[in-house]
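Enquirer:
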Amino acid sequence: MVADRREPELPSLTIRSHHPESTKSIILAAPIINGGMGVGLTGPALAAEITNAGGGGVLTGVALGYPFQRILDKYLDEKPFEANRLALIEWIHDAKTRCDGGFVGVNLMVAVSDFKDLAYTSAKNGVDLIIAGAGLPMQLPEIVSKFPDTMIAPIISSVKAARVMVKKWLSKGRAPDAIVYESIHHSGGHQGGDVEDILGGLHQPEEVIGATRKLLDDQGLTDVPVIAAGGVWDRDDIVRYLSWGAQGVQMASRFLLTMEAGLEFGGAHLFKRLILENDSPTILERSPAGLPGRALSTPFSRRFAFQNNGSIVNEPHDCPSACLATCAKKDAIYCILAHLVEALRDNYEEGLFFAGSNLGVPGLARQVMPVSALMDLLKHGEPAPASVA
Ligand SMILES: Cc1cc2nc3c(=O)[nH]c(=O)nc-3n(C[C@H](O)[C@H](O)[C@H](O)COP(=O)(O)O)c2cc1C
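Residues 1 to 389 (our numbering) make up the sequence shown, in order.
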């Protein structure tokens, strides 16, 4: 029996290409996409199910070759960047097949050494949207210019960054097809601001969402959606972010609590158990990418937490993939790729478990469920309580 629903339909989300040679437009029935979660947590199973449920599924395209080699024993003979490329192609085609050619996005970090190659590869293999963050993707319009139907969106965390991106891309004859705003106070993983900005309370969601909407409207870009991320857990959060001027939301941490998260690499069981049991606030740790990272408080993240002023000891390590252009490689404080993969491999002591601030909030609904069930809750709210006869 279909449960009674309390809530009206959420509005749909339209994203259209602003490439001069494209008329492509995609309507997502639900204004919900998932945030890419590197390394390896948002794969084809998760992305396709989100699209099948009316939202927009986004693959992570970051440094896939290393976990493919270490966990799946695939592409073992390939050099790291070629392994990344082959793994990404495999995931794009798998996701497209699972959702019958429906919407598939890819999340990329500008800071990875092979950003340009991965962006080109994504577009060539038919992804609908590239979302690029961890640095401002100034060159993205040129990189994918041969693929008019691949839409592109920068991630920004401040109005200033939004202004810079819009101006830069318009000067190249291409408006962004969407702008993704990630709150530095809530998002999991790398933050687009420094610790002082976070502690100082700068760039709050209500302010940045509203000002970015106005910035776009003032340029005549009323059809470019603002997709807001960071701290969205349930339908009420979605409605609140939409009321501040967003046209859609990007959610990550809540999607970790689905059966499909990390499925390709074994299911990320420890990650999910830690989230279910976590009762401590998330912490900010130092990433070799040069940005603060928000993570669960675990033995590894505590070693590199910002609270440990003056007592950070570098961890000697190999540099298996030279993955980050902004990293000091063997001289970096630690190898982030290796520790993110340890999280995927269920290693409590050595894993780095990135997570949004909601995972430190007591009392939120936490349950592992299929993506389809979670999307149903997000779209329609909780089923009405059964009436007592
Ligand atoms: C485990 C994890 C990994 C993440 N990895 C990436 C990433 O590779 N690239 C990126 O742009 N954002 C990354 N993020 C940020 C999310 O895509 C998202 O924007 C943010 O977490 C939204 O906040 P929420 O987790 O409160 O929903 C990551 C977040 C988490 C929790």
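Where a beta carbon is used, it is the ideal one built from N, C-alpha and C, also for glycine. Here the structure is a predicted model, which is why all the values come from computation and not from measurement.
Is it buried or exposed for Arg436, if we count other Cβ within 10 angstroms and need 16 for buried?
Expert: No information on residue 436 is available, as it lies outside the stretch 1 to 389 that the chain covers here.
Enquirer: Inspect the CB distances between the region 339-356 and the region 64-71 and report whether three or more fall short of 8 Å.
Expert: Counting Cβ pairs under 8 Å, three or more are found: they touch.
Enquirer: For the structure I just gave you, are there three or more beta carbon pairs, one from the region 366-375 and one from the region 45-62, closer than 8 Å?
Expert: Cβ pair count under 8 Å is three or more, so yes.
Enquirer: Among Asn358, His19, Gly248 and Gly105, which one has its Cα closest to the Cα of Lys146?
Expert: Here the closest residue by C-alpha is His19.
Enquirer: Could you give the DSSP three-state label for Pro176: helix, strand or coil?
Expert: Coil at Pro176, not helix or strand.
Enquirer: Name the DSSP beta bridge partners of Gly56, please?
Expert: Ile33.
Enquirer: Going by DSSP, what residues sit across from Met151 in a beta bridge?
Expert: According to DSSP, Met151 bridges with Leu129.
Enquirer: Just how far apart, CA to CA, sit Leu352 and Phe265?
Expert: Cα to Cα, the separation comes out at about 16 Å.
Enquirer: Please report how far the alpha carbon of Ile26 lies from the alpha carbon of Asn278, in whole angstroms.
Expert: Answer to the nearest angstrom: the Cα atoms are 38 Å apart.
Enquirer: Give a yes or no on whether the C-beta atoms belonging to Ala178 and Ala211 are separated by under 7 Å.
Expert: Cβ atoms of Ala178 and Ala211: not closer than 7 Å.
Enquirer: Could you tell me which residues DSSP puts in a beta bridge with Met109?
Expert: Beta-bridge pairing links Met109 to Gly133.
Enquirer: Between the region 98-112 and the region 132-146, are three or more C-beta pairs nearer than 8 Å?
Expert: Verdict: yes, contact present.
Enquirer: Residue range of the alpha helix (DSSP H) that Ser243 falls in?
Expert: Note, Ser243: alpha helix (DSSP H), Arg235 to Ser243.
Enquirer: Would Gly35 and Ala229 be called neighbours here (beta carbons separated by less than 7 Å)?
Expert: Closer than 7 Å, so yes.
Enquirer: State yes or no: is the C-beta of Gly360 within less than 7 Å of the C-beta of Ser187?
Expert: Result no, Cβ atoms of Gly360 and Ser187 do not sit closer than 7 Å.
Enquirer: I need the straight-line Cα distance from Glu285 to Trp169, nearest angstrom please.
Expert: Between Glu285 and Trp169, the C-alpha separation is close to 32 Å.
Enquirer: Is His317 a contact residue of ligand 1, with contact defined as CB to any heavy atom under 6 Å?
Expert: Incorrect: His317 has no Cβ contact closer than 6 Å to ligand 1.
Enquirer: Just reading off the alpha helix (DSSP H) that Pro390 is part of, what are its end residues?
Expert: There is no way to answer for residue 390, as the model of the chain reaches only from 1 to 389.
Enquirer: Relative to the alpha-carbon of Leu216, which residue among Gly267, Asn347, Ala48 and Val166 has its alpha-carbon at the smallest distance?
Expert: The shortest C-alpha separation from Leu216 is found at Val166.
Enquirer: Whole-angstrom Cβ separation of Val159 and Val208, contact assumed at under 8 Å?
Expert: Yes, Val159 and Val208 are in contact; Cβ-Cβ is about 6 Å, under 8 Å.
Enquirer: Rounded to whole angstroms, what is the Cα-Cα separation between Gly459 and Val62?
Expert: Outside the shown range of the chain (1 to 389) lies residue 459, about which nothing can therefore be said.
Enquirer: If distances are taken between C-alpha atoms only, which option among Ile92, Leu274 and Ile15 comes closest to Asn125?
Expert: Checking every option, the nearest Cα to that of Asn125 belongs to Ile92.
Enquirer: What residue does the alpha helix (DSSP H) around Ala398 start on, and which one ends it?
Expert: This structure does not reach residue 398, given that the chain is present from 1 up to 389, and the question cannot be answered.
Enquirer: I need the DSSP call for Thr14, collapsed to helix, strand or coil.
Expert: Residue state, collapsed to three classes: strand.
Enquirer: State yes or no: is the C-beta of Val62 nearer than 6 Å to some heavy atom of ligand 1?
Expert: Yes - ligand 1 has a heavy atom lying nearer than 6 Å to the Cβ of Val62.
Enquirer: Can you tell me whether Ser253 sits near ligand 1, meaning its C-beta is under 6 Å from at least one heavy atom of the ligand?
Expert: Yes - ligand 1 has a heavy atom lying nearer than 6 Å to the Cβ of Ser253.
Enquirer: Which residues share a DSSP beta bridge with Met369?
Expert: DSSP lists Thr258 as partners of Met369.
Enquirer: Consult DSSP for Ala252 and reduce its assignment to one of helix, strand or coil.
Expert: Three-state DSSP puts Ala252 in coil, outside helix and strand.
Enquirer: Taking Cβ to Cβ, would you say Ile155 is nearer than 7 Å to Gly189?
Expert: Not a contact, by the Cβ cut-off of 7 Å.
Enquirer: I think Ala119 touches Val144, with their Cβ atoms under 8 Å apart; what is that distance to the nearest whole Å?
Expert: Their Cβ separation, rounded to whole angstroms, is 6 Å, which keeps Ala119 and Val144 in contact under 8 Å.
Enquirer: So, at 6 Å on beta carbons, what are the nonlocal neighbours of Glu260 in its own chain, with the 5 sequence-adjacent residues on each side left out?
Expert: The answer, listed in chain order, is Ala45, Leu46, Glu49 and Val371.
Enquirer: Sort out for me which residues DSSP pairs Gly293 with in a bridge.
Expert: Paired residue(s): His190 and Glu285.
Enquirer: Would you tell me roughly how many angstroms separate the C-alpha atoms of Ile275 and Ser22, rounded to the nearest one?
Expert: If you take the alpha carbons of Ile275 and Ser22, they lie about 42 Å apart.
Enquirer: Here's the rule: buried if 16 or more other CB atoms are within 10 angstroms of the residue's CB, otherwise exposed. What is His203?
Expert: So His203 ends up on the buried side.
Enquirer: Compute the Euclidean distance between the alpha carbons of Met151 and Pro316, then round it to the nearest angstrom.
Expert: Spanning the two alpha carbons is a distance of roughly 41 Å.
Enquirer: With distance defined between alpha-carbon atoms, name the residue in Gly193, Phe354, Pro320 and Pro281 nearest to Leu270.
Expert: Closest by alpha carbon: Phe354.
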